[in-house]
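Note sheet for the following structure.
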Amino acid sequence: MILEATSPLIAVVFSVLVGSLLMVLVGKSPVQVFGVMFRFCLGRADSFGTILFKATPLIFSGLAVGLALRAGILNIGVEGQYLTGAILAAWVGFGVKGLPGFVHLPLAVAAGMVGGALWSLVPALLKVRRGAHEVISTIMMNYIAQHLVHYLIADVFMDKMQMPIPGLGSARVRTPLIAKTAMIPKVHGLLALLGIALPKHTYANWLLPFGVALAVATYYLVWKTPFGYEVRSVGHNPGAAEASGIRVAETRLKAFVLSGTIAGLVGLSDLLCYFGYMDVDFPKGYGFTGVAVALLGRNSAAGIVAAAFLFAFLDRGAEGIQALASVPMDVIVILQGVMILSIVVAAEVVGRYARNLQRKEAARG
Amino acid sequence: MSSLKRAAIVLLAMTLLVSMAAGCARKAEEAKPAEQKPAEQAPPAQAPKPEPPKKLKVGLVFDVGGRGDKSFNDMAYAGLEKAEKEFADKIETKYLEPSAGGENREQLLRLLAEDKYDLILGIGFLFTDHVAKVAGEYPNVKFGLVDGFIADLKADSNVRCLLFQEQEGSFLVGAAAALKTKTNKIGFVGGMKIPLIEKFEAGYLAGAKYANPKVTWKSEYIGTTGDAFKDPVRGQELTNAQLNWGADVVYHASGASGIGVIEAAASKKKFAIGVDADQTLTAKPEQQPYVLTSMLKRVDVAVYDTISLLVNGKFEGGYKIFGLADDGVGYAVNDINKELIKDIEPKLEEIKKKIIAGEIKVPFDKPTLDEFLKNLK
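Pasting the structure below:
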């Protein structure tokens, strides 16, 4: 029992050991590198704020993937869904003017959710009506989203108010600025009440508590409601679910679109708290990381939140060891991959071993 | 059982959070929150012994593609390297590569600023907003920004925008392409479809039409994201398509993707024109005879220049423009392509003089290109 409870911890320790091996191979002192990494991540207020900020999109992304997974759907399309969500939210943000903040911000967030939902509706319908496999259709939808969003940014919405000297420098490829009323406030005030002073230039915002609340809500939805029961039945055994009177197609459609709706929130932390516009530099890859987050978190609400923080921690650590321990970027990317892989493997191995042990004990007793 | 596991995960996450929070809280007590103890940031193994003449610290953050693109980023690195060699006893340098878009760039700039760097260089226009923001918070740190334009800078600002007139250099290599083509067909491969790269395209096409009115062209872009600057496979495909259409000179402005462009052209024994660096010298030996010339964009000069100003205590904010007149852009002549372009060099020099004198107004985007072409007729 103790072994099982500490399995995540063992996994992290194991990944540090494997990472150390890699550091030795590239001629760095592992003690120094990991020393810098942990001191940097755990000992600085700005690292704390940055980790909170980096975890936020991953929580939504992990929850979106996780919810679909419950219904037996592998939603690889979170990537495209959050881009369409973000561009729609941006459009509401800069296109609508004169609303007070308490209307404008929720409207922009809702627009993000609608954008994600709409983009997931296509593969969802293709799946339940025509049986098109969602992995293929969502990957294709990702490509379409990526280029559609670029087209919208570069050719339709591009901010014409930027004034570089003609022929010198160049206009940024970005949308007009989003109105202040649609920007998400930071959580600095809240944390100050708890005695934590975050530096001004970190961007932890209210989407984080919202994401944690959403994690609790999805837990409730999946485990405590009739709809959640249907979703799980369909995910486990669609045939049996059908036989017991559950409408499989309808349940799948709902779960898929709900997943897309959550996916629509992924990009909003960056969009509405950090950038204030959407440009060609908008972060990519949250959708794919979300798959890893959901799997690493074993698709439990708490696990997803924890995994999101772990990824954020590694990401912030990467900034630290690059800037302060001079580890080259390529090695860092390999290090991150190796560490995540060993965490997954170690958690699995230790968990299984512990379960076997328990089973034996139970048999004996 | 599974609830136990979940409890464990939650516990772990909470310990992590609490220890982070505790770390911050402690910090808040010890010192002002925004300020960090320098001793904690400098890795022990790296910190040099405190010598009496303090070295200036110069940091550089790369653009998409990073080192090894044999083009834009490597040029910046060359400038940094040269400065390091020249001012070895006066400066120490460091370079970083962003891992992802957005906030990551800002964090890297900020980490350098907090680490008491004296000059921080952002390579690429994607740094525009990030440099503007961080520079505002660290008025005592100097910043250099390549390709980016920040409004309202003055000589006493702490930001120096290093801007290039790429269209002028592109005009010359366009003329070179049009004078060298046998099929009267030329190609252009751009990286990411953004106004910056359209400057290269506009200058190139205008120069070609100016030097040879019979010329026609195909112009393609690799993609719409930053990845378009590091996709040599796609660069090769697009180039092959243009060569099959009949083009025999292809110019690229696509960063590391251009490696594929040069490879495609060389394997069909047609000409490629390099960009940013003198890419004859970075190409493989068997490809070198097929690199007609390169549009030089002397990012290395801009980087070196900025560092040397700092070292000499003459750093000035504002805008520094690199054009044909001061050899900030141009076309490459080296031992390998010397013979190749000997016959067209007088013509190129003549055009160059006209541009510098202002007799030719080089277009820099689609509308000005259209106007230029209309006036040619």
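Chains as they are written, first to last, in the working numbering: chain A, 10 to 374; chain B, 8 to 384. Note that beta-carbon positions come from the ideal geometry of N, C-alpha and C, so glycine has one too.
For cysteine 168 of chain B, the enclosing beta strand (DSSP E) has its first and last residue at 166-171. Under the 8 Å Cβ criterion, the region 59-79 of chain B counts as touching the region 124-142 of chain B, having at least three qualifying pairs. Counting only the Cα atoms, leucine 31 of chain A lies some 37 Å from valine 308 of chain B.
The Cβ-Cβ distance between leucine 186 of chain A and glycine 285 of chain A falls below 8 Å.
From the beta-carbon of threonine 59 of chain A, the residues of chain B found nearer than 9 Å are Glu110 and Gln114.
Runs of the beta strand (DSSP E) spanning 3 or more residues and lying entirely within the region 248-321 of chain B occur at 256-260, 278-283 and 298-304, in chain order.
One Cα belongs to leucine 207 of chain A, the other to histidine 137 of chain B, and the distance between them is close to 20 Å.
Cβ contact annotation for valine 87 of chain A (same chain, cutoff 7 Å, sequence separation greater than five): Ser70, Ala73, Val74, Ala272, Val275, Gly296 and Gly299, in chain order. Residue range 149-153 is occupied by the beta strand (DSSP E) that includes valine 153 of chain B, with no alpha helix (DSSP H) assigned at that position. The beta carbon of isoleucine 148 of chain A does not come within 8 Å of any beta carbon belonging to chain B, so the residue lies off that interface. In the three-state reduction of the DSSP assignment, threonine 223 of chain B falls in the strand class.
For isoleucine 193 of chain B, the enclosing beta strand (DSSP E) starts and ends at 192-199. Residue contact check for lysine 369 of chain A against chain B: no CB pair falls below 8 Å.
Selection B:Ala279, B:Ala284, B:Leu186 and B:Ser301 evaluated against methionine 82 of chain B yields B:Ala284 as nearest (Cα-Cα). Threonine 227 of chain A and leucine 76 of chain A have their C-alpha atoms some 8 Å from each other. A distance below 8 Å separates the beta carbons of phenylalanine 195 of chain B and tyrosine 258 of chain B. The residue among B:Ala263, B:Lys360 and B:Asn344 with its C-alpha nearest the C-alpha of aspartate 334 of chain B is B:Lys360. If you look at phenylalanine 62 of chain A, you'll find it in the alpha helix (DSSP H) that goes 54-79. Residues Leu160, Lys161, Ala162, Asp163, Ser164, Asn165, Val166 and Arg167 of the same chain have their beta carbon placed closer than 7 Å to that of glycine 324 of chain B, with the five preceding and five following residues left out of the count.
Counting other Cβ atoms within 10 Å of its Cβ, histidine 142 of chain A stays below 16 and is therefore classed as exposed. The C-beta separation of glycine 198 of chain B from alanine 279 of chain B comes to about 15 Å, leaving the pair out of contact by the 8 Å criterion. Here the C-alpha atom of alanine 180 of chain A lies approximately 45 Å from the C-alpha atom of valine 33 of chain A.
Chain A has a Cβ within less than 8 Å of the Cβ of leucine 103 of chain B. Separation of the CB atoms of threonine 100 of chain B and leucine 87 of chain B is rounded to 6 Å, and the pair is thereby assigned contact status at 8 Å.
In the structure shown, the three-state DSSP call for threonine 100 of chain B is strand. Taking 8 Å as the upper bound for CB-CB distance, serine 274 of chain B and lysine 237 of chain B are not in contact here, some 21 Å apart. For a cut-off of 8 Å, the C-beta gap from lysine 304 of chain B to phenylalanine 178 of chain B is around 13 Å, too long to register as a contact. The C-alpha of glycine 198 of chain A is placed about 11 Å away from the C-alpha of lysine 209 of chain A.
Taking phenylalanine 322 of chain B as reference, the option from B:Lys92, B:Lys89, B:Val148 and B:Lys221 with the minimal CA-CA separation is B:Val148.
Closer than 9 Å at the C-beta level to chain A, one finds these residues of the region 187-203 of chain B: Met199, Lys200, Ile201, Pro202 and Leu203.
Residue pairing by DSSP puts arginine 183 of chain A in a beta bridge opposite A:Asp288. When secondary structure is reduced to three states using DSSP, isoleucine 130 of chain B falls in the strand class. Less than 8 Å divides the Cβ of glutamine 243 of chain B from the Cβ of glycine 267 of chain B.
The three-state reading of DSSP puts valine 225 of chain A in helix, counting H, G and I together.
A straight-line Cα-Cα distance of about 9 Å links threonine 65 of chain A and aspartate 279 of chain A.
Taken through DSSP and simplified to helix, strand or coil, glycine 254 of chain A comes out as coil.
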